[in-house]
Each structure stands twice: as C-alpha cells, then as structure tokens.
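Trainee:
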Amino acid sequence: MNPNKPASVRPLSPARRDFLKVSAALGGGLLLAFYLPGRARGAGSAAPFAPNAWLRIASDGGITILVDKSEMGQGVMTALPMLLAEELDADWNKVRAEFAPAGPEYKHPWFGVQGTGGSTSVRVGWEPLRKAGAAAREMLVAAAAKKWRVDPATCHSDRGFVLHPKSKRKASYGELAAAAAALPVPAEPKLKETKHFKLIGKSRPRLDTPAKVRGQAQFGMDVKLPGMLIAAAARSPVLGGKLKSFSAEKVKALPGVRYVVEISNGVAVVGTSYWAALKGREALGLEWEAGPLATLDSAGLSAKFQELMGTPGLVAKAIGDAKTAMAAGKHLEADYEVPYLAHACMEPMNCTAWVKPEGVELWVGTQGQSSCQITAAKITGLKPEQVKVNTTYLGGGFGRRFAQDFVAEAVEIAKAVGKPVKLVFSREDDLRAAHYRPATLTRLAAGLDAEGKPLALAIKTVGPSIMAAAFPSAIKDGLDSTAVEGLADQPYAVPNFSTEWVRHEAGVPVWFWRSVGHSQNAFAMEGFIDELAHAAGKDPFEFRRALLGAQPKARAVLELAAAKAGWGKPLPKGQARGIAVHESFGSWVAQVAEVSLENQRIRVHRVICAVDCGQVVNPDTIVAQMESGIAFGLSAALHGAITLKDGRVQQGNFHDYPILRMGEMPKVEVFLAPSGGTLGGVGEPGTPPIAPAVANALFALTGKRLRKLPLAL
Amino acid sequence: MLNLYINGDRYRIDLPGDTPLLWVLRDQLGLTGTKFGCGEGLCGACTVHIDGEAARACQTPISTLNDKEVTTIEGLSPRGDHPLQKAWVAEEVPQCGYCQCGMIMSAAALLKKKPKPSETEIDQALAGNLCRCGTYNRIRKAVQRAALPVGKQGGLK
C-alpha cells in the first residue's frame, strides 16, 4: 500500500478487517496515495501552449495556472488564477493551480525578489496576470481565425472555446493550443472593462479546499522523499549564546539516530524519524556559553524604553510646530506599550533540503523563494540559480516564513549528511527561534482647543528596526518606515503634527509579523484618538468623523461600520462598544467591537468590520481575511506576550503562549465597501484595528483606559 | 511487536513502545493528514480516533494501542466525502488548512455522540483545537451544517 514503508512497520493483512466501521478505507487510502494535491494533471510541462510564465494549455484543454505567490491561507491559489482566467475566458472548471518554481520571471515588482508579503499578491498580480490571460486569448482567437480563414474580429471567446457565429464554427482552446503557440505574443493585449468581468468580483470556491479537508494538501512538514532523514536541532536557550560542548557518541548509538551534526546555531540530530531525532537531542548533554544578552529581561527592557523616551528621536514627519502649539490648549499625554510577539504558525518551521554536487533542491513552505536560493547558495558555494525551490503549502506564514533561519539550518545539515534531510522545529523551537514582532513604547501628546479640536499632536515611538535585519536597503536616511507606519501617516486633521522614532536595538531579533508596524501603532494611535474624544466630551465615532473630512475612504468605512453596528443604540446591559479605523497596505478598515466582562475576563461578543480594498476579486476570501485578521489581532490583544528573563524566552508552547480558542471567537460581520481604483491588500489590514476597538470598548464599559497589550483590567 | 489497526489495515510495528502514534503515522506510514502542531496535546492538530473516540496522536504512545482501532483523516470516509468534509467545503472553512484535519476529526467524534450539537457543545468539543487563521466561526457553521438531515448539507463543489 505504501511504497515508502520501512521494514519496521509491516502490514500483515492488506484486506479490510470485517468489523472495521470505516468502510472502504483501504480503497480510499490507495486512491489518496496516488493523488497529488495542488498539481495539475494532464497539463504539465509538455503543454503545447505556454505563452508566458503563468499559463499552460494542454491539448486536452486542461489549463494550468502557475501561482508564483505562496499560499498560506490568504487565498492566492484561487484569486491569482481568477485574474488570468478572467481575461482568458477560460472554463473555470478546467483551471488547475500549481505552485510556480523559483525563477527570475516571478520576481515581485516591488520587492525585486520572488516573495509573498505585504498584502501585495493580488495588487501586483492584477495587471500582469490579466494581461497574460488576455494575450493568450488573443492568440487563441487568432489561431482559430487563421484556421477558419476569417477575420479575428468576427470571432469571440467563451469559456474555453473560440467561436465564429457567422459560420457556426467552434474550437476548444485545447484544439487550438498548438497553433496558438506558433503565433507572436501580443505586447499590449486589450483588457476587459470591469463591467464585463465574469469571474472577478464573484465568490469562487477556493481551489485548495478539497485537498485541505482530506489531509492531502502537502505542507512542508509532510514532505517525504526516498532515503530522507529527519532532523531536530538544539539551539542556545539564551539569546545569542554559543555552543560550548556536547557528546555525540552516546546519541549516535540510540535507535534511529544516524548523524549528529554541528551547525552554526548549535547541534542537529538526524534520524529515521522525528521522534528518534528528538530523543537523540535530549541526550546530547549540551553546554552553552551565555553571550552578551544573558542579562536581558522584559522589565529591564521596559525601563530602558522609558529612559530612551527622554532622548530626541529621528523626525519622521513634522507639520507646523506641534510642541509650541500644544502649550496653548488642554494637554493630554499617554504611553502605549506592546510586547514581543511570536507568529505561532500552526505548522512549526521546517525545511527539507538535498545538497548534491550539481545543485541544491529545497522543499519548503516559504514566503521568500529568492531568499531561499541565496541562503542555500551561500552555504554550499553554488549559484542561486542552482537551487531549486519546491514551494509547498504553508501552514500559516504571517511574515515568519520570509525568514531564512530554518532554511539555512536545513541546508547546513543536508550538506553535512549528503542525503535529503527534513529539519523540523518543535513548537518550543518555533516560539523561541527569535523572530518577534517588536516590543515598543509609544508616547502621544496632544493639545485640544476650547471646542475640543486637536491643535497639535506629537508622537514619539521607541523600538527596533525590522528592516535592518530583513531588507537593510529599505532604510532611508536612517528611518525604518515600518517603525512609524500608522503613526507618521495618521489620517486625522491636526494642524501641528510630528512623529519621531527613537531606535533601540535590545538584541532581540525582530521580524515582520502580520501587519508589521501597524500592529502596534494602530493600537497607540486609535487608543489615543479615543482618549482625545472623551477629553473633548465628544462621541468617539463623531469625533473621528469630524477629523476625517479630507479622508473620504476612511470616513466611508467608519460610517459604514458604525451604521451596521447600530452605533449609539443601546446594547444589552453590561456590554459596550468601541470603534477604530486604520489604513494599512492600501486598504481602509473600520471595526466596532462589542465587549463585556465575564468574571473579570474580557469577552468580545461581536465585531463589525467594514473594508475598502479598492477592487474586489474573490469576495468571500476578503471576508475570510478580515475574520482571520481579527482573530489574529485578538490573540495579541487578549493573550499574546513573549517575555524574557536572563536572556531566555519564557514561553514555550500554547499553554503559556495562548492563542484565541473557539469559545473566544466573536461573531464577525464583514462589509465590503470597494471604492474602485487602486487595489489595497487584504491579508493584513484586518488585524490593526481590533486591539484598539476592544480597548476603546473596555473604556466605554469600565472607564478604565488600557494602554498596554495584552489587555488586562 | 505491536498490532496496530489503522484505517482498516493491520500493521505489526516494531518500534519502541513510547513512540507517539503521531510519528508512526507521519514518518513511518506516510499518513500525513494527521498534523504535528505542538507535541504536548495543546493544539489538536494531531486528532485521530482511537476506538471511535477523539484522541491526540502526539500524546498516545503506541504501546497503549495494541489491538485498538485507529482512524485518521485519510480513513474518515472512503472518498473524502464525510458530511463534515462536505460541510467544510460548503462553508469555505480552511485558510492555511493545517489545523483543519484535526478539527474535522474532533467534530466527527462529537457528531457520533451528539448528532445535533448545540453551539456550546461544539465550542466545548473543539476547545482543544487551535486555528491560527481564526476560522472558528466557519467551523462552527460547518459542524451545524453537517448535522443537518442528508440532502440539506450542501456538498463538494
């Protein structure tokens, strides 16, 4: 039944047991064993028509669309093919999506490398993928017209066919594929008018769902190759520590252990199963040398932030003279503080690598294919183009899978062993392999005039730079814009305004975390605006609305969310509402949260969410991404904190790094309000507004202003 | 040597008795629908049925499984068309999808005991299953849909 079955596990009887309740399980198993999810069948590389990097049309009419973005739950495996299929006039039922390989043709136009992040996939795919479909369609029409000796203008296309109504002729794309391939690719194909869209704008079932509910979708964790070994690595428990000693001999003698390999970050045990590798790791007798970060602790970091708040920062934005103007009015000042956060993707980090003399092959759920090539090339001395990247499904990404730590370690181990090796992080490894959302402290100060209008707003935030580690070239004039995003570009009309950043590198590695700087800055900004509203004696919704006169998109989603939530109308006793609005990744999102306290525990009952992402491709996916962004933000708002003591991360698993559970999930109602024009992202913008919306609701409920995450009364 | 019955197949297993079922399924048998999420029974991604009851494969040493029946997501239904799997498709539940097999296995065990669970009963039965994508509301709806009479459940599209 299973070709990879080792001798230690033998099926004695291939026949089904009589009393087994699960009928036909064996048949199902056989069926599954030969089904390759996410892979197109009948439309592979032998397809006669491959006019561009994204499309293959086989002679049987099968259409394969290559997806050059990673599918981590955000729906690109469906939304991107929709863009191409729309202009191709393809029969959607014949469309199969396949992950693209790594290659220069798939370079992200904004990043300069192949990768998925920044809520950009549909935004950057919008034009090239539609053009790819339109060009292919024109070629198929031209091929048919040539065959029939008619004017192409008298032909049209519909669901996988070219038709010539006058002569009642009809040919399928499959039949035309070979002839179309011989024609020149039009450089500027004509795109449809929005009103003629048949696929775009209507909810399409996600193509990856059936495989995901059957356990057939292949994640990096599920990769299995002939002769593959599995590795667990030990890393310093103290951030920045170095390996002092370990004993390999005893470990090598353990059942299932094949190799013990020293790597840059520590030691890896390589075995025939992950369990064997884990048992081996426990027996390594490791000793570590604590480095310069051995005294790091969260309380000390917090005090350091306060100290640095008194020092001048880099000015990210200045309008008028906030400091002088502030003195004239009623003065308010508040500090907002957030902790480090881990991504805690459900699938712990992992990577399978095979280093051969002629090249490296990787199987990995990654957000950064080009980075993987560069990482493997550096370690092996090969060229990046000699590194083949097989992208699997990602069991969550949230920015974490842009990082290269797990890829580099896997390549190091595989290089040493000479066999394919899958490196698997335990949950503890995953939470402690420091790539955290920065901890920050943000001080906001404002002056209000006699009518309660803001005269001035001065913001200073203290925190590290993410870009310094990730993309140093993105730092301009010393400023990492991710540190101040959502602050420096805040939308409210304030005549005197400034934002400063005090950079502080505590030594804790930081990284992109769903919505990046917005994740903490929206909490500060939208919390403080709420404070100003109350100080001005105004309704928080009306106060915001009045200051958003020059921001029609912000105002529209704010008004929509408020209207749908019944803002101002009574709620059941013991409940209160809070509101927040925030722009990130080109989309405006407003949320109203309804909260109560149950035995002093914060309970979020319902969230109303309005989003303007410009254009809508797959509506249900946008709804799903808002739901997801809210859940992600709520985990952080209610539970999330990575803390340090003696240079060690104190959390290790879901008992001390809890994420939102089923019973805590509020009802979520999402309203799409696309204003047309430029597209915005949807993967991240749902996250930033929820923490302030909940904190603001708790203030309305209790009169207590919470300025620290996770929220605690 | 242990006798293990998995999805209707009988296996003789010659591995240390403390080996968790999870790693036998995944690394030895290639049944990778059962996922590794935490290794401590805290996330539910590895939920399987043992003699019909939901259990965490990562917390189940194979020594406890002699002559017991194990069902994984691969064996839940012959063609991946269990009412829950159909409902999951109809409600468009999965995002990244990593937790969903464990969710479905937990929900399937619930429906066997309580064919018409209340919302609270669903929440309680799935309280130990984590979803980082936050698909909980759709999961709840999908379980409710699967509990509807046949014909009203919707189906695989």
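From first to last, the protein sequence lines are chains A and B. Its first residue numbered 1, the first sequence is counted upward by one per residue in my numbering. Its first residue numbered 1001, the second sequence is counted upward by one per residue in my numbering. Here a beta-carbon is modelled for each residue, glycine too, at the ideal position from N, C-alpha and C.
(1) Taking Cβ positions only, does residue 1035 of chain B come closer than 8 Å to chain A?
(2) Counting only C-beta atoms, is residue 326 of chain A closer than 8 Å to chain B at any point?
(3) Using a Cβ-Cβ distance under 8 Å, would residue 209 of chain A count as near chain B?
(4) Hey, how far is the Cα of residue 652 of chain A from the Cα of residue 431 of chain A?
(5) Which class does residue 122 of chain A belong to by DSSP, given the choice of helix, strand or coil?
(6) What span of residues does the alpha helix (DSSP H) with residue 690 of chain A cover, start to end?
(7) Would you list, in sequence order, the uninterrupted alpha helix (DSSP H) runs of no fewer than 4 residues that lie entirely inside the stretch 1059-1124 of chain B?
(8) Given that residue 1129 of chain B touches chain A, what residues does it touch there, using C-beta distances under 9 Å?
(9) So, does the CB of residue 1126 of chain B fall closer than 8 Å to a CB anywhere in chain A?
(10) Classify residue 22 of chain A as helix, strand or coil using the three-state DSSP reduction.
(11) Please decide whether residue 98 of chain A counts as near chain B, where near means a Cβ-Cβ distance under 8 Å.
(12) Could you please give me the residues that DSSP links to residue 362 of chain A through a beta bridge?
(13) Counting only Cβ pairs nearer than 8 Å, list the residues of chain A close to residue 1040 of chain B.
(14) I'd like the list of long-range same chain contacts for residue 251 of chain A, defined as Cβ closer than 7 Å, with 5 residues on each side in sequence excluded.
(15) According to DSSP, is residue 52 of chain A helix, strand or coil?
(16) Going along chain D, which residues have a C-beta under 7 Å from residue 224 of chain A?
(17) Where do the N-terminal and C-terminal ends of the alpha helix (DSSP H) with residue 99 of chain A fall, by residue?
(18) Cβ of residue 200 of chain A less than 8 Å from any chain B Cβ?
(19) Quick one: which residues of the stretch 360-381 of chain A get their C-beta closer than 8 Å to a C-beta of chain B? List them in chain order.
(20) Measuring only the C-alpha atoms, how far is residue 166 of chain A from residue 139 of chain A?
(21) Anyone know if the C-beta pair for residue 213 of chain A and residue 500 of chain A falls short of 8 Å?
(22) Are the C-beta atoms of residue 1132 of chain B and some chain A residue less than 8 Å apart?
(23) Of all the beta strand (DSSP E) runs that stay within the bounds of the stretch 556-622 of chain A, which reach a length of 3 or more residues?
(24) Tell me the residue span of the alpha helix (DSSP H) that contains residue 210 of chain A.
(25) What residues match up with residue 259 of chain A in a beta bridge as DSSP calls it?
(26) At the 8 Å Cβ level, is residue 353 of chain A part of the contact set with chain B, yes or no?
(27) Taking the alpha carbon of residue 524 of chain A as the reference point, which residue from A:701, A:376, A:333 has its own alpha carbon closest?
(28) Would you tell me roughly how many angstroms separate the C-alpha atoms of residue 319 of chain A and residue 458 of chain A, rounded to the nearest one?
(29) Taking CB distances under 8 Å as the criterion, tell me whether residue 628 of chain A reaches chain B.
(30) Work out the CA separation of residue 479 of chain A and residue 78 of chain A for me, nearest whole Å.
(31) Can the beta-carbon of residue 641 of chain A be found less than 8 Å from the beta-carbon of residue 205 of chain A?
(32) Check whether the Cβ atoms of residue 101 of chain A and residue 389 of chain A sit closer than 8 Å, and answer yes or no.
(33) With distances taken from CA atoms, which of A:186, A:98, A:116 is nearest residue 134 of chain A?
(34) If we count the other Cβ atoms within 10 Å of its Cβ and call it buried at 16 or more, is residue 689 of chain A buried or exposed?
(35) From residue 245 of chain A to residue 288 of chain A, what does the alpha carbon distance come to, in whole angstroms?
(36) To the nearest whole angstrom, what separates the beta carbons of residue 605 of chain A and residue 575 of chain A, a pair I think is in contact under 8 Å?
Mentor: Taking the structure as given:
(1) Here residue 1035 of chain B corresponds to residue number 35 of the second sequence, with the count starting at 1. Chain A, which has a Cβ nearer than 8 Å to the Cβ of residue 1035 of chain B, makes this yes.
(2) For the purposes of this step, residue 326 of chain A is taken as residue 326 along the first sequence, with counting starting at 1. No - not a single Cβ of chain B is within 8 Å of the one on residue 326 of chain A.
(3) Within the first sequence, numbered from 1, the residue matching residue 209 of chain A stands at position 209. Yes, residue 209 of chain A lies at the interface with chain B (some Cβ there is under 8 Å from its Cβ).
(4) For the purposes of this step, residue 652 of chain A is taken as residue 652 along the first sequence, with counting starting at 1. For the purposes of this step, residue 431 of chain A is taken as residue 431 along the first sequence, with counting starting at 1. So the two alpha carbons sit approximately 6 Å from each other.
(5) On the first sequence, residue 122 of chain A is found 122 positions in, with the first residue counted as 1. In the structure shown, residue 122 of chain A sits in a helix (DSSP, three-state: H, G or I).
(6) Counting from one through the first sequence, the residue named residue 690 of chain A turns up at place 690. Segment 690-702, the alpha helix (DSSP H) holding residue 690 of chain A.
(7) You should have 1083-1090, 1100-1113.
(8) As a first step, residue 1129 of chain B is located in the second sequence; it is residue number 129 there, counting from the start. Residues of chain A passing the Cβ test: 661, 662.
(9) Stepping through the second sequence from its first residue, residue 1126 of chain B is reached at position 126. Yes, because at least one Cβ of chain A sits closer than 8 Å to the Cβ of residue 1126 of chain B.
(10) In the first sequence, counting from the first residue as 1, residue 22 of chain A sits at position 22. Residue confidence is low: residue 22 of chain A scores 22 on pLDDT, short of 50, so the model does not pin down where it sits. No coordinate-derived value is stated.
(11) The residue you call residue 98 of chain A lines up with position 98 of the first sequence. Not an interface residue.
(12) One-based indexing of the first sequence puts residue 362 of chain A at position 362. Residue 362 of chain A pairs with A:353, A:389.
(13) If you number the second sequence from 1, residue 1040 of chain B lands on position 40. Those within 8 Å of residue 1040 of chain B in chain A are 427, 653, 654, 655.
(14) Translated into the one-based positions of the first sequence, residue 251 of chain A becomes position 251. Excluding the 5 residues flanking it on each side, residue 251 of chain A has same chain C-beta neighbours closer than 7 Å at 257, 260, 269, 280, 283, 284, in chain order.
(15) To locate residue 52 of chain A, count along the first sequence from 1; it is residue 52. Assignment of residue 52 of chain A by DSSP, reduced to helix, strand and coil, places it in the strand class.
(16) No chain D appears in the structure shown, which is made up of the protein chains A and B.
(17) Counting from one through the first sequence, the residue named residue 99 of chain A turns up at place 99. Residue 99 of chain A -> not in any alpha helix (DSSP H); beta strand (DSSP E) instead, spanning 95-99.
(18) On the first sequence, residue 200 of chain A is found 200 positions in, with the first residue counted as 1. So no, residue 200 of chain A is outside the interface.
(19) none
(20) Here residue 166 of chain A refers to the residue found at position 166 of the first sequence. Here residue 139 of chain A refers to the residue found at position 139 of the first sequence. About 20 Å.
(21) Here residue 213 of chain A refers to the residue found at position 213 when the first sequence is read from its first residue. Here residue 500 of chain A refers to the residue found at position 500 when the first sequence is read from its first residue. For the 8 Å CB-CB criterion, residue 213 of chain A and residue 500 of chain A do not form a contact.
(22) Your numbering for residue 1132 of chain B matches position 132 in the second sequence. With 8 Å as the cut-off, residue 1132 of chain B counts as an interface residue toward chain A.
(23) 575-584, 587-598, 601-612
(24) The count along the first sequence starts at 1 and reaches residue 210 of chain A at position 210. 209-213 is the extent of the alpha helix (DSSP H) around residue 210 of chain A.
(25) Position 259 of the first sequence holds residue 259 of chain A. DSSP output for residue 259 of chain A lists A:270 as bridge partner(s).
(26) For the purposes of this step, residue 353 of chain A is taken as residue 353 along the first sequence, with counting starting at 1. Chain B contact via Cβ: absent.
(27) Along the first sequence, read from residue 1 onward, the residue named residue 524 of chain A stands at position 524. Among A:701, A:376, A:333, the Cα nearest to that of residue 524 of chain A is on A:333.
(28) Mapped onto the first sequence, residue 319 of chain A falls at position 319. Mapped onto the first sequence, residue 458 of chain A falls at position 458. About 10 Å.
(29) Along the first sequence, read from residue 1 onward, the residue named residue 628 of chain A stands at position 628. Yes, contact with chain B.
(30) The residue you call residue 78 of chain A lines up with position 78 of the first sequence. The residue you call residue 479 of chain A lines up with position 479 of the first sequence. Looking at the two C-alpha atoms, the distance is approximately 37 Å.
(31) Here residue 641 of chain A refers to the residue found at position 641 of the first sequence. Here residue 205 of chain A refers to the residue found at position 205 of the first sequence. Taking 8 Å as the Cβ cut-off, residue 641 of chain A and residue 205 of chain A do not qualify as a contacting pair.
(32) Residue 101 of chain A sits at position 101 when you count from the first residue of the first sequence. Residue 389 of chain A sits at position 389 when you count from the first residue of the first sequence. Yes, they are a contact pair.
(33) Locating residue 134 of chain A in the first sequence gives position 134, where the first residue counts as 1. Closest by alpha carbon: A:186.
(34) Here residue 689 of chain A corresponds to residue number 689 of the first sequence, with the count starting at 1. Buried is the call here.
(35) Position 245 of the first sequence holds residue 245 of chain A. Position 288 of the first sequence holds residue 288 of chain A. For residue 245 of chain A and residue 288 of chain A, the distance between alpha carbons rounds to 7 Å.
(36) In the first sequence, residue 605 of chain A corresponds to position 605, counting from 1. In the first sequence, residue 575 of chain A corresponds to position 575, counting from 1. About 7 Å separates the CB atoms of residue 605 of chain A and residue 575 of chain A; that is less than 8 Å, so the two are in contact.
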